[in-house]
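Protein chains: 2
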Amino acid sequence: VDDFTAAKIAIVGTGAIGGFYGAMLARAGRDVHFLCRGDYAHAREHGLAVTRVDAADFTLPEARVYPDSRDIGESGLVIIATKATANAELPAILTPLVGPATTLLTLQNGMGNVEFLERHFPDNPILGGLCFVCVNRTAPGVFENSIPGGGTVVIGAHRHAGEADAGAAARLFSGAEVKAKASASLDEALWRKLCWNVPFNGLCIAAGGVSTAVVMESGTLRALARQLMEDVRAGAAAHGHAIEDGFLQKQFEATDGMGPYRPSSLIDYEAGRPVEVEAIFGEPLRRGQAQGALMPRLETLYYLLKAICPAP
Amino acid sequence: VDDFTAAKIAIVGTGAIGGFYGAMLARAGRDVHFLCRGDYAHAREHGLAVTRVDAADFTLPEARVYPDSRDIGESGLVIIATKATANAELPAILTPLVGPATTLLTLQNGMGNVEFLERHFPDNPILGGLCFVCVNRTAPGVFENSIPGGGTVVIGAHRHAGEADAGAAARLFSGAEVKAKASASLDEALWRKLCWNVPFNGLCIAAGGVSTAVVMESGTLRALARQLMEDVRAGAAAHGHAIEDGFLQKQFEATDGMGPYRPSSLIDYEAGRPVEVEAIFGEPLRRGQAQGALMPRLETLYYLLKAICPAP
Numbered sequence: 006v007d008d009f010t011a012a013k014i015a016i017v018g019t020g021a022i023g024g025f026y027g028a029m030l031a032r033a034g035r036d037v038h039f040l041c042r043g044d045y046a047h048a049r050e051h052g053l054a055v056t057r058v059d060a061a062d063f064t065l066p067e068a069r070v071y072p073d074s075r076d077i078g079e080s081g082l083v084i085i086a087t088k089a090t091a092n093a094e095l096p097a098i099l100t101p102l103v104g105p106a107t108t109l110l111t112l113q114n115g116m117g118n119v120e121f122l123e124r125h126f127p128d129n130p131i132l133g134g135l136c137f138v139c140v141n142r143t144a145p146g147v148f149e150n151s152i153p154g155g156g157t158v159v160i161g162a163h164r165h166a167g168e169a170d171a172g173a174a175a176r177l178f179s180g181a182e183v184k185a186k187a188s189a190s191l192d193e194a195l196w197r198k199l200c201w202n203v204p205f206n207g208l209c210i211a212a213g214g215v216s217t218a219v220v221m222e223s224g225t226l227r228a229l230a231r232q233l234m235e236d237v238r239a240g241a242a243a244h245g246h247a248i249e250d251g252f253l254q255k256q257f258e259a260t261d262g263m264g265p266y267r268p269s270s271l272i273d274y275e276a277g278r279p280v281e282v283e284a285i286f287g288e289p290l291r292r293g294q295a296q297g298a299l300m301p302r303l304e305t306l307y308y309l310l311k312a313i314c315p316a317p
Numbered sequence: 006v007d008d009f010t011a012a013k014i015a016i017v018g019t020g021a022i023g024g025f026y027g028a029m030l031a032r033a034g035r036d037v038h039f040l041c042r043g044d045y046a047h048a049r050e051h052g053l054a055v056t057r058v059d060a061a062d063f064t065l066p067e068a069r070v071y072p073d074s075r076d077i078g079e080s081g082l083v084i085i086a087t088k089a090t091a092n093a094e095l096p097a098i099l100t101p102l103v104g105p106a107t108t109l110l111t112l113q114n115g116m117g118n119v120e121f122l123e124r125h126f127p128d129n130p131i132l133g134g135l136c137f138v139c140v141n142r143t144a145p146g147v148f149e150n151s152i153p154g155g156g157t158v159v160i161g162a163h164r165h166a167g168e169a170d171a172g173a174a175a176r177l178f179s180g181a182e183v184k185a186k187a188s189a190s191l192d193e194a195l196w197r198k199l200c201w202n203v204p205f206n207g208l209c210i211a212a213g214g215v216s217t218a219v220v221m222e223s224g225t226l227r228a229l230a231r232q233l234m235e236d237v238r239a240g241a242a243a244h245g246h247a248i249e250d251g252f253l254q255k256q257f258e259a260t261d262g263m264g265p266y267r268p269s270s271l272i273d274y275e276a277g278r279p280v281e282v283e284a285i286f287g288e289p290l291r292r293g294q295a296q297g298a299l300m301p302r303l304e305t306l307y308y309l310l311k312a313i314c315p316a317p
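Protein chains in written order, with the numbering used here: chain U, 6 to 317; chain Y, 6 to 317.
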C-alpha cells in the first residue's frame, strides 16, 4: 500500500466536504478528478475556490471537473462525499470508477455508509473518514472552511481494508495540509463523531432552526445536548467503546469556537432537501438498542426529526 | 354546601372552555356572568353560541357579558378558564369577584394552577376541574364542541376545599347536561389528564404543526406518544398514583374518535400566542423528578417546546 500520492483520485460529490478536501488535495499536486453535477457548468468555467478563516484563500482555475463518472473512469482512490440520503443512486455512479484495485473512502455523515458500500463492492477495501470540520458551500464552486485550524479527518478501516490503508489515506491528507490521523477502530470513531452530530445537527433543526450558538447559550438546550451525548455514549459503550467525559467536554469547547454555525443538516432542512436522519439518528439508535443501550432522548429526537424532515 | 344552583357564577375567560361550559350552565338557568374581554363588543351585540357535533346547537342572545370583572362583583363560584400563561394577571382580575364565601374552580390545563390560586386566596375553597373534551372557539363568541358525547369534567378539591365542594360542583355541571364527576384526588386526576395533554399537545407542535390524526397514523409518532404517556405515568407513580394500562389505551381510543383534532396548544402556537409549556410539561417534569421519577422523553420534549414556543 502506498499513500495514494500517485493514485488517480475521484471525488464523488463536489459539495462542501468533497469540494473542500478535493481542492486541498489538488492544490497539493494530487491527481484529483471531481464529479460535479449541479455546479458543473460554473466550475468548468471558473474552477473551484476555497476560502479559509485563518489561512490564505486559493482558487483552482483548472480543476478537472466532470458531469458524469463515466468521464472519469477507473480510479485508485474514490472519495465519496455525497449525502447519505442519496445512497440509492451511488452504485450506478461508482461502478465506472471502481476496478479491482480501487480503494473506497466515504466521508459521509453517520452510520451505515461503509456497510452500504461493502454490499455493492464486497471485494474492495473500504475506509471511513470522519470530518471534524466546519465547511459550507457558499456559492457554486466556492467552499468556506470556517473553523480555525481547519479541522481534522479521522480515517478508519472497514472489515476488508487493513489499518495500513487507513494510515495511507491519512498520510495523503496530511501531505495536503489537512490534519488527519488513522484510527484503529472506525466503529469507535463513528460513535465519537456522533457525539457532536446527534446533539447539534439534531437540536439546530428540532429547536426551530437555530445555530449552534443558540443551543450553546440556552441553559436547557445545552443541557439537552449533553444528555443526547450521554445517549450516544451509552450506545458506544454497548458496542465496547468507552468515551471519556473529557471528550464530551471537548465537543462543547470546539462548538464554542464555531460561533453561530449552521450544521449541514439544518442547511439541508431549510432548503427543503432531505436530511440524513437515518444515518445520523436512526442507525445509531437501532445499533445501540440492539445491544441493550437505553437512548430515550435520542429516540425522541429521532422520531421528531423523522416527522418534520422531508423524506428522501 | 349546596350545589351552586342558586349561586352567582363568574366565568373568567370566555374562550373555548369558559365560553362552552359557561353557556351550558347559563342555558340550564344558572346565574352566569361572563368576563369577556377580546370578544366583548361582539358578544354584547350577538350573544354567545354553541355548536355541537351530536346535539342541537343553541345561542344565548342575552348572555350577560362584561369587559371588566369589577362589573361582575363578588360571586359564589368563580370558574377560571384563562390560559395558565396569563396567570400573572389573574389576581387583579379575581379580586373583585372573590369574597369570604367564594369558591374558586380552575378549569385550566396542567399543573400549578390550584397552588397559584391558593397563594393569592389562601382562605377560599379551591377546586380543579379537568376537561376531557374537544372545544374550539371558531369565531367571536362561537364555541364548537366536536367530541361525540360532549366530553367529561372531572372535579377534585385542593387542600382547603373538601370533597363535598367537588361533589357540589360536579352536580352543577351534571345538572347542565355536562357529564361530570368528582374525584377523590385532584392530584391523581391532574396526572391522568396529562397522559393525554403531554403527548398530544406536545407532539402536535414539536412534530411540525400536525393534527392528532397525523400522530395517530404515524407508527413512530404514535410509539413516541405512548412512551411519553409512560413518562407521565412514572411521574404519577412517584406521587403514589397508579395509572393502569387500560387508561392509557383508552386515551388512544378517544383520540381515534377525534379525527384531525388540533389541540389548543397547537392553535395558540400557530397564532403566535404563548403556549402553556410550563403548566403542561415543565411543572409535571419537575414534580416527577423531585420524587425520583425518570422522564427522559418528557424532558426532551419540554426543552424543545421551551425553545420553539414564544415566551409568555
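For glycine and all other residues, C-beta sits at the position ideal for the given N, C-alpha and C.
Closest by C-alpha distance to ALA312 of chain U, when choosing among Y:SER190, Y:GLU79 and Y:GLY214: Y:GLY214
C-beta atoms of GLY134 of chain Y and THR111 of chain Y nearer than 8 Å: yes
Closer than 8 Å to chain Y by CB, PRO289 of chain U: no
Beta-carbon proximity of LEU109 of chain U to LEU95 of chain U, cut-off 8 Å: no
Reference VAL158 of chain Y, options Y:GLY262, Y:ALA173 and Y:THR90, closest by Cα: Y:ALA173
Beta-carbon proximity list for ALA218 of chain Y, same chain, < 7 Å, skipping 5 on both sides: GLY264 and PRO265
Heavy atom of the ligand MN within 7 Å of PHE148 of chain U beta-carbon: Ligands are entirely absent from the displayed structure, and the ligand MN is therefore not among its contents.
Bridge partners - GLY134 of chain U, DSSP secondary structure assignment: According to DSSP, GLY134 of chain U bridges with U:ILE160.
Inter-residue spacing [alpha-carbon to alpha-carbon] between ALA298 of chain Y and ALA284 of chain Y: Taking the straight line from one Cα to the other gives about 18 Å.
Bridge partner(s) assigned by DSSP for ASN150 of chain U: In the DSSP assignment, ASN150 of chain U is bridged to U:ARG57 and U:VAL140.
N-terminal and C-terminal residue of the beta strand (DSSP E) that ALA15 of chain Y is part of: 13-17
Cβ-based neighbour list, ASP273 of chain Y, same chain, cut-off 6 Å, excluding 5 preceding and 5 following: VAL280
Three-state secondary structure assigned by DSSP to LYS186 of chain U: In the structure shown, LYS186 of chain U sits in a strand (DSSP, three-state: E or B).
Nearest-angstrom Cα separation, counted from GLY277 of chain U out to GLY23 of chain U: 21 Å
GLN256 of chain Y versus GLY161 of chain Y: straight-line alpha-carbon distance, rounded: 20 Å
Where ARG32 of chain U falls: helix, strand or coil (DSSP): helix
Per-residue burial, GLY20 of chain Y [other beta carbons within 10 Å of its own, 16 or more giving buried]: buried
Straight-line Cα distance separating THR56 of chain Y from ALA181 of chain Y: 16 Å
Extent of the continuous beta strand (DSSP E) to which LEU299 of chain U belongs: Neither: LEU299 of chain U is in no beta strand (DSSP E) and is coded neither H nor E.
Residue nearest to ASP128 of chain Y in terms of C-alpha spacing, selected from Y:ARG142, Y:THR107 and Y:ASN114: Of the candidates Y:ARG142, Y:THR107 and Y:ASN114, the one whose C-alpha sits nearest the C-alpha of ASP128 of chain Y is Y:THR107.
Proximity test, Cβ basis, 8 Å: GLY312 of chain U and chain Y: It should be noted that the sequence gives Ala, not Gly, for residue 312 of chain U. Yes, ALA312 of chain U lies at the interface with chain Y (some Cβ there is under 8 Å from its Cβ).
The segment 22-42 of chain U touching the segment 198-205 of chain U, judged by at least three CB pairs closer than 8 Å: no
Where the alpha helix (DSSP H) through VAL219 of chain U begins and ends: 217-222
Alpha-carbon to alpha-carbon, LYS13 of chain U and SER83 of chain U: Checking the sequence, you will find Val at residue 83 of chain U rather than Ser. If I take the Cα positions, the gap works out to 8 Å.
Residues that DSSP places opposite ILE85 of chain Y in a beta bridge: Y:VAL17 and Y:THR111
Local conformation of ARG227 of chain Y per DSSP, three classes: helix
Inter-stretch contact at 8 Å, needing at least 3 Cβ pairs: the segment 222-240 of chain Y / the segment 300-307 of chain Y: yes
Between the CA atoms of ILE152 of chain Y and GLY262 of chain Y - distance to the nearest angstrom: Cα to Cα, the separation comes out at about 8 Å.
Distance between beta carbons of PHE39 of chain Y and GLY27 of chain Y, contact taken as under 8 Å: 6 Å
Beta carbon of GLY287 of chain U nearer than 8 Å to that of TYR307 of chain U: yes
Cβ pair count under 8 Å reaching 3, the segment 188-195 of chain Y against the segment 244-254 of chain Y: yes
7 Å Cβ cut-off: residues of chain U touching THR305 of chain Y: LEU229, ARG302, THR305 and LEU306
Residue interval of the beta strand (DSSP E) (run including ARG42 of chain U): Per DSSP, ARG42 of chain U belongs to no beta strand (DSSP E) and is neither H nor E.
Exposed unless 16 or more other CB atoms sit within 10 angstroms - verdict on PHE63 of chain U: Taking a 10 Å sphere around the C-beta of PHE63 of chain U, we find fewer than 16 other C-beta atoms and assign the residue as exposed.
Helix, strand or coil at TYR26 of chain U according to DSSP, with G and I counted as helix: helix
Reduced DSSP secondary structure (H/G/I, E/B, other) of ARG278 of chain U: coil
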